[in-house]
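Asks: Please read through the structure below; I'll follow up with questions.
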Amino acid sequence: EDPLASDSSDLRKAVIDRLRADIAALEGPFDWRASEPLQHLEYLATPLIIHHAVGDTGAAYKWSERLAKALYLRGLPYVFHSYTGSDHFFQGERRQQAAARDAAFFRDLMEVDPLRRAATAASPQE
Numbered sequence: 011e012d013p014l015a016s017d018s019s020d021l022r023k024a025v026i027d028r029l030r031a032d033i034a035a036l037e038g039p040f041d042w043r044a045s046e047p048l049q050h051l052e053y054l055a056t057p058l059i060i061h062h063a064v065g066d067t068g069a070a071y072k073w074s075e076r077l078a079k080a081l082y083l084r085g086l087p088y089v090f091h092s093y094t095g096s097d098h099f100f101q102g103e104r105r106q107q108a109a110a111r112d113a114a115f116f117r118d119l120m121e122v123d124p125l126r127r128a129a130t131a132a133s134p135q136e
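See below:
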């Protein structure tokens, strides 16, 4: 069983099975384990911000938990925000809260990395 082919209720998703079959038909067998994003965190070059609703049925909450744990264990910078509810695409107050958190995260990131801030200030404005 591939954990990436299951939702939060651990039911296989037909669309993922279909995608796997389509990829196999085009490229031959594909090593799904080697494509696991957690296997390639050494290429991560910037802090991450993760937002996830605990009851999300579109993407399993445990995926974000696994990512946060892997980032923590490797000492990589990240912020993980959990939200009540099951909405995959945040609506209303939760959307505003996530957007405000994103803005603060990137504002803080710019303050921590003065080279990034200087490059942004030097770039032409539209």
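Under my numbering, the very last position in the sequence shown is 136; numbers go up by exactly one each time.
Every residue gets a Cβ at the ideal spot worked out from N, C-alpha and C, and that includes glycine.
Output yes or no for whether 8 angstroms exceeds the beta carbon distance between Leu-51 and Ala-78.
Replies: Against a cut-off of 8 angstroms, the Cβ pair of Ala-78 and Leu-51 comes out as no contact.
Asks: When the Cβ atoms of the region 57-70 are set against those of the region 21-33, are three or more pairs found closer than 8 angstroms?
Replies: The region 57-70 vs the region 21-33: no contact.
Asks: Less than 8 angstroms between the CB atoms is what I'm expecting for Asp-66 and Ser-96, so what's the real figure, rounded?
Replies: Going by Cβ atoms, the distance from Asp-66 to Ser-96 rounds to 6 angstroms, so yes, they are a contact pair.
Asks: Cutting at 6 angstroms between CB atoms, please list the residues of its own chain near Pro-47, excluding the five before and the five after it.
Replies: Nothing meets the Cβ criterion.
Asks: Since Phe-99 contacts Ala-108 with CB under 8 angstroms, what's their CB separation in whole angstroms?
Replies: About 10 angstroms; that fails the 8 angstroms criterion.
Asks: Could you check if Ser-45 is buried or exposed, using at least 16 other CB atoms within 10 Å of its CB as the buried criterion?
Replies: Answer is exposed; the Cβ neighbour count stays below 16.
Asks: Short of 8 angstroms in beta carbon distance, which residues of its chain neighbour Tyr-82, apart from the five on each side in sequence? Order them along the chain.
Replies: Cβ neighbours of Tyr-82 beyond the five flanking positions: Tyr-88.
Asks: Look up Val-89 in the DSSP assignment and give the residues it is bridged to.
Replies: Paired residue(s): Ile-59.
Asks: Give the secondary structure of Gly-102 by DSSP, where H, G and I count as helix, E and B as strand, and everything else as coil.
Replies: Helix at Gly-102.
Asks: Which same chain residues end up closer than 8 angstroms to Val-122 when comparing Cβ atoms and leaving out the 5 residues on each side of it in sequence?
Replies: Within the same chain, Val-122 has no close Cβ partners at all.
Asks: Quick one: measure Cβ to Cβ for His-62 and Tyr-71, integer angstroms, because I've assumed they're closer than 8 angstroms.
Replies: So it is a contact: roughly 6 angstroms between Cβ atoms.
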